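Numbering (the working numbering), first residue to last: 4 to 144. We put the CB at the ideal spot given by N, CA and C, even for glycine. Just so we're clear, the structure is a prediction, and the values are computed from it rather than from any experiment. For reference, the structure is listed below as structure tokens.
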Amino acid sequence: MASILELKRKIESLDIIQVSVDAITKTDAIAADLQVKQQLNGVDAKGQRMPNYSPISVELYGKPDGPIILKDTGSFQRKITVKALGDKIVFSSSDDKTQMLEERYGKKGFSILGLNSDTKKEWKEDLQPNLIDIVKKKTGL
Numbered sequence: 004m005a006s007i008l009e010l011k012r013k014i015e016s017l018d019i020i021q022v023s024v025d026a027i028t029k030t031d032a033i034a035a036d037l038q039v040k041q042q043l044n045g046v047d048a049k050g051q052r053m054p055n056y057s058p059i060s061v062e063l064y065g066k067p068d069g070p071i072i073l074k075d076t077g078s079f080q081r082k083i084t085v086k087a088l089g090d091k092i093v094f095s096s097s098d099d100k101t102q103m104l105e106e107r108y109g110k111k112g113f114s115i116l117g118l119n120s121d122t123k124k125e126w127k128e129d130l131q132p133n134l135i136d137i138v139k140k141k142t143g144l
């Protein structure tokens, strides 16, 4: 077993940013799934309810009655990615429509990518144990 001084040295040498990046990377698919779930519930990253589809969109294009869920073919949501870049977590989609959707809804005050506080709590349930495991492995606890 490591001495107190050895344990202190290991803890002090932890690169907390890298530990966080590792934990986020291990749970990025879960975060992406939660992002999709949030969108399908018609809620943005700020926790705001998205505006409703117009009556024309509902009648003519068969959109569901209720908040915009950003789903036509599912391509935008299938291509959602989550990456840890230093001290930032970046939610994106490699779909061609991503920039257009962000601009369209951003002008109206909505953030279509990113987790709101409720969804972050759900992700934390998976993220936290991974973070603890990584710290334990690096410190020998």
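- Quick one: what's Phe94 bridged to in DSSP? Val85
- Item | Given 8 Å, three or more beta-carbon pairs between the region 124-136 and the region 23-40 | yes
- Query: Where DSSP assigns a beta bridge to Val46, which residues make up the other side?
  - Reply: Arg52
- Message: Whole angstroms are fine: how far does the CA of Ser60 sit from the CA of Ile19?
- Response: 47 Å
- Message: Let me check understanding here. Comparing Cα to Cα, which of Gln41, Thr142, Phe94, Leu116 lies closest to Pro70?
- Response: Gln41
- Supposed close pair Leu118, Trp126 - CB separation, criterion 8 Å: 6 Å
- Can you tell me which of the three DSSP states Pro67 falls into? coil
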